[in-house]
Structure formats: structure tokens, C-alpha cells
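Asks: Going by my numbering, the first residue of the sequence shown is number 529, and it counts up by one from there.
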Amino acid sequence: MRAPEFWDRKTDGLMPSLLRPLGCAVSAMAALRQKKATPYKASVPIICVGNLVAGGAGKTPVALDLVARLKSLDVHVHVLLRGYGGTERGPTQVDLAIHNARRVGDEALLLAKVAPTWVSEDRKAGVLAAIEAGAQAIVLDDGFQNPSVHKDLSLLVVDGEYGFGNGRVMPAGPLRETVGAGLKRADSIVLLGSDGADVWGKVQRAGHKKMPILRARIEATPDAADLKGQDVYAFAGIGRPQKFFDTLSALGAKLVGCKAFDDHHPYTDTEIEDIIKGAGEALILTTTKDLVRIPQKHQGNMRALDIRLAWKHSDDIDAALKKVMTDG
């Protein structure tokens, strides 16, 4: 699914107003679900990386960074996620030798490269499976709206340019719940990039003036330096593909063509063959999430842009992780 244009903060209009009653109903159901739940308190710390909007906000790079930091503390950390786009209901530990994106989803494959990773529709069952397998802490990727498990640290990831979209709840906007409801359960906001959407101001006006806001940015790794001046044909099936294309332009790549697909799009041989043909002699470039969804026989014909998270003040996130490991 590709997000409708009217979800964007700059293009609010008639459709969001017409769909507002449905958004109110979704918001009410989300609130009721939280109220009725009895979260399971695990025997190890649960660190949740979530967001308030549908689509890409940068959760996976944050989760990858947290895993690396916990490992540096000698914590045996596991990752748990739903496995969106995959068929496995779980709890299933991801095995890179046998699983593909159609079974466990693209994010699970990326995370399994750095830590034991589980996909489970039932988050509590997934937590128990990870603990039984030796987890000393669990990074819960995209489980913020799921009330079945108690979170010891909840981080809300927000794209600074997109913010909360038009500020309305689905289907009138991109929000999974109201901003106010989500902020009440969050411990900190991870604000990615510049604050063009005035996220800080909106959080203050929502009555959360003491909410910690951790600033960070997603950047290309140094090996992307060779893209400057290169002819590049880019494609992506992520939440906001234009952001990926803009990143390549900022790196100095000469974009000879761009093709956007729906988020988590399952690529076919025909689609990839068309991309290869359309690229000609240009370098074919995509995201790391997209690459794991591409048929293996075609992966050698293209390259993924490697990215990493850079914190403005890394001491803040390190302190939060040390505290949760001590208190949790």
C-alpha cells in the first residue's frame, strides 16, 4: 500500500475532513484496546521501538543501532517483531539459511544479521520464546500499539520532515492513534533529521513539555562516496521512496531514472528484468530493505545503499539503555 498524498502534512484538504468520523472510530478502538489490556511483564527488559504513523519512519535503523549498543554492554539481546509482509505467524526464530522475505518480512532479515531475531504475531509468545532461548533483553520492533507486553523503555521514532503527517488518524491521516494518546505511553522521542514539521512544538503544545527528545539522523556509510558523479537508476518499495531518491541526489549521484513501488512490495522476476533493461549502463541502486526482497539470482546486478544512525548526543541513549538494564 502506498500512502495517499492527503496524509502528508502539506496537502491536507477535503478527503481528511470527510474521513474524519472513521478516524475518530479508529482512535476510540485503539484507546479501548489499551485500556482493556493486561500487559505481560517479562523477566528481562523490553525496549520498544515504535512510531505513531503508518509507513516508514526510520524504526529499523534505530533498532539496529540499539542492538549494537546493547551488545557493546555485553547484553545478549534478541529482537522481536511481527514480521510484516511475511507468512510466518510464529513464534519463529529467523534462519537466514532458509527464510526469505515472503516468509518473515524484510525487516526481520536485516535484523537477523546482527542479533537473534524472532517473528511472532503473538508478542507475548515471542517474548517467552526469546527468553527461553537466552535473551537478556529484547528489542521490540514496531510493537508500540500492541498492549499485550509491558515495555520497560518505549522510544517513539519520528521523521522530522514528515512529523505526524496531517495530524489525523487513519484513514483520514497516517496516525495509528492520536498524538496525545501515544505520547502518554512514550518515554522518549527519537527525532530523525531536521525538525521541519515542528515536532518539538507539537509535543510541547500537546502538554508533554518534559518529554525527552533525542536527536539523530540517518546517513549513508562512507562507502557511498563513490556515487558522486555516477549515473544511477534507483528504485525503492518503502514507506517514502522519494526520500531515498533525494538522498541519492544529495550524495551527488546522477539519477537517470527512478521507480517507486508500494511499501514491502514483493518483486517479481519480470519487474526486476524491466529495471535492469531500463537502467542500461547505469548503476542500479536500491535500499537494504528492498534488496532482501529481490530474487536471489538478480541481486548481483544491483547494489544497496548502506545507511547508519548518527546520534547528536549518543551519551543520552547510552544512559537510557544502561538505566533500563539496571532497573529492568
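Beta carbons are placed, not taken as given, at the ideal position from N, Cα and C, and that holds for glycine.
1. Only counting the same chain, and skipping five residues up and downstream in sequence, which positions put a Cβ closer than 6 angstroms to that of T620?
2. Let me make sure I understand the geometry here. Which of D802, A734, M739, T814 has the alpha-carbon closest to that of K771?
3. Suppose the cutoff is 7 angstroms on Cβ atoms and the five residues either side in sequence are ignored; what does the same chain contact list for P675 look like?
4. Pick helix, strand or coil for D843, following the three-state DSSP scheme.
5. Just tell me which of S777, G721, L668, K641 has its CA closest to the CA of Y690.
6. Could you give the first and the last residue of the continuous beta strand (DSSP E) run that contains T814?
7. So, helix, strand or coil for Q664, using DSSP?
8. Would you check if the stretch 622-640 and the stretch 810-829 touch, i.e. whether three or more CB-CB distances between them fall below 8 angstroms?
9. If you run the structure through DSSP and keep just helix, strand and coil, what is L779?
10. If you draw a straight line from the C-alpha of G780 to the C-alpha of D855, how long is it?
11. D797 to L601, Cα distance in whole Å?
12. Let's see if you can read the secondary structure: which residues bound the alpha helix (DSSP H) around R733?
13. Can you give, in chain order, each stretch of the alpha helix (DSSP H) that sits fully within the stretch 665-709 and has at least 4 residues?
14. Report yes or no: do the stretch 830-848 and the stretch 743-761 share at least 3 C-beta pairs separated by less than 8 angstroms?
15. From the DSSP output, which residues share a beta bridge with W646?
16. Just the Cα atoms here: how many angstroms apart are G695 and S571?
17. Taking only three categories from DSSP, how would you classify A582?
18. Less than 7 angstroms separating the beta-carbons of I575 and V667?
19. Ordered along the chain, which non-local residues of its own chain (more than five positions away) have a Cβ less than 8 angstroms from that of L684?
20. For G586, does the count of other Cβ atoms within 10 angstroms reach 16, so buried, or fall short, so exposed?
Replies: Reading it off the structure:
1. Stepping through the sequence shown from its first residue, residue 620 is reached at position 92. Taken in chain order, the residues that qualify are V647.
2. Counting from 1 along the sequence shown, the entry for residue 771 is found at position 243. Selected option, being the one with the closest Cα: T814.
3. As a first step, residue 675 is located in the sequence shown; it is residue number 147 there, counting from the start. R561, Q562, A565, P567.
4. Along the sequence shown, one-based indexing puts residue 843 at 315. D843: helix per DSSP, three-state reduction.
5. Your numbering for residue 690 matches position 162 in the sequence shown. Restricting attention to S777, G721, L668, K641, the CA atom closest to the CA of Y690 is found in G721.
6. Stepping through the sequence shown from its first residue, residue 814 is reached at position 286. Per DSSP, T814 is one residue of the beta strand (DSSP E) stretching across 811-815.
7. Position 136 of the sequence shown, counted from the first residue, corresponds to residue 664. In the three-state DSSP reduction, Q664 falls in the coil class, being neither helix nor strand.
8. These segments touch.
9. Residue numbering aside, residue 779 sits at position 251 when the sequence shown is read from its first letter. Residue state, collapsed to three classes: coil.
10. What you label residue 780 is simply residue 252 of the sequence shown in a count that begins at 1. What you label residue 855 is simply residue 327 of the sequence shown in a count that begins at 1. Counting only the Cα atoms, D855 lies some 46 angstroms from G780.
11. On the sequence shown, residue 797 is found 269 positions in, with the first residue counted as 1. On the sequence shown, residue 601 is found 73 positions in, with the first residue counted as 1. If I take the Cα positions, the gap works out to 43 angstroms.
12. The residue given as residue 733 occupies position 205 in the sequence shown. Annotation for R733: the continuous alpha helix (DSSP H) segment containing it runs 727-733.
13. Whole alpha helix (DSSP H) segments, 4+ residues: zero.
14. By the criterion of at least three beta-carbon pairs nearer than 8 angstroms, the stretch 830-848 is in contact with the stretch 743-761.
15. Counting from 1 along the sequence shown, the entry for residue 646 is found at position 118. Its beta-bridge partners are L608, Q621.
16. Position 167 of the sequence shown, counting from 1, holds the residue named residue 695. Position 43 of the sequence shown, counting from 1, holds the residue named residue 571. Between the alpha carbons of G695 and S571 lies a gap of roughly 36 angstroms.
17. Stepping through the sequence shown from its first residue, residue 582 is reached at position 54. The answer is coil: DSSP assigns A582 none of H, G, I, E or B.
18. Taking the sequence shown and counting its residues from 1, the one referred to as residue 575 is at position 47. Taking the sequence shown and counting its residues from 1, the one referred to as residue 667 is at position 139. The Cβ atoms of I575 and V667 lie closer than 7 angstroms to each other.
19. Counted from its first residue, the sequence shown places residue 684 at position 156. Only G578, N579, L580, F672, G710, L711, A714, S716, I717, V718 meet the Cβ criterion.
20. On the sequence shown, position 58 is the one that residue 586 refers to. Counting C-beta atoms within 10 angstroms of its own C-beta, G586 has 16 or more neighbours from the protein chains shown and is therefore classed as buried.
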